[in-house]
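So for the sequence shown, our numbering puts the first residue at 6; every next one is plus one. Even for Gly, the Cβ is constructed at its ideal location relative to N, Cα and C. The structure displayed is predicted, hence computed values, not measured ones. Following: one structure in structure tokens, then a few remarks.
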Amino acid sequence: MTPLKYLQAYPPALQDKVRELIAQQRLGEHLAKRYPDHHDVQSDKALYAYVADLKQQHLKNAPGIDKVLYDSKLDVVQRALGLHTAISRVQGSRLKAKKEIRVASLFKAAAPEFLQMIVVHELAHLKEAEHNKAFYQLCNYMLPDYHQREFDLRMYLTWRELPETNR
């Protein structure tokens, strides 16, 4: 049985369905049918505008974001797809925290739904630091099918790691 590292927390029946799609070399086809589009958010400037727009729609009272960018080292170095940080700096006699969101650069070529899911996840961290019930309720508020998109994103990551001959 092939271990599915991105899908380990899901029920065995779901994992078996994914394994079946892999065995039939249809996982990529399945994902392409569900998510056929590509987005135009290719630069850091466009990503900042995209994130700011989502924040304005759903989290008007959350702290502002100082920097948003694609990071090519994220998924390789930190095994993360997105990252939110608050960098504290001393400016005169004040301590200022700059909020940053970094998105793995693999999302430049991913479906717009996957980019949106990652951005929603990182925006939710502005209000909820931990991955708890309140955090996931906030994600669902901003993106009602959040859990389905997270599962599909995990299938996409599984597909990306398959050898070319099994795609």
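Between residue i and residue j, what straight-line distance do the alpha-carbon atoms span, to the nearest angstrom?
i, j, result
"Asp-71", "Ala-54", "12 Å"
"Arg-159", "Leu-12", "6 Å"
"Glu-135", "Gln-30", "37 Å"
"Leu-79", "Val-108", "7 Å"
"Val-82", "Leu-88", "Note on Val-82: pLDDT 46, under 50, position unreliable in the model; the coordinate value appears next. Approximately 12 Å, taken between the alpha carbons."
"His-35", "His-43", "16 Å"
"Pro-168", "Leu-26", "14 Å"
"Phe-140", "Ala-102", "22 Å"
Should residue i be labelled buried (16 or more other beta-carbon atoms within 10 Å of its own) or exposed?
i, result
"Val-124", "buried"
"Val-73", "buried"
"Lys-60", "buried"
"Tyr-146", "exposed"
"Asp-76", "buried"
"Thr-7", "exposed"
"Thr-170", "exposed"
"Val-95", "exposed"
Determine the extent of the alpha helix (DSSP H) in which residue i is found, giving its start and end residues.
i, result
"Ile-27", "17-28"
"Lys-138", "138-147"
"Leu-59", "49-63"
"Glu-155", "151-165"
"Ala-37", "32-39"
"Val-125", "117-129"
If you check the beta carbons only, do residue i and residue j fall under 8 Å apart?
i, j, result
"Arg-39", "Asp-150", "no"
"Leu-120", "Leu-64", "no"
Could you check where the beta strand (DSSP E) with residue i kicks off and where it finishes?
i, result
"Asp-76", "72-76"
"Val-108", "99-109"
Going by C-alpha to C-alpha distance, which of the options sits closest to residue i?
i, options, result
"Lys-104", "Ser-110, Pro-16 and Leu-128", "Leu-128"
"Lys-10", "Arg-172, Asn-171, Thr-170 and Glu-166", "Glu-166"
"Leu-52", "Gln-20, Gln-153 and Lys-113", "Lys-113"
"Asp-45", "Glu-118, Ala-102, Gln-20 and Lys-22", "Glu-118"
"Arg-172", "Ala-18, Arg-24, Gly-97 and Tyr-15", "Arg-24"
"Ile-106", "Pro-16, Phe-140, Pro-68 and Leu-100", "Pro-68"
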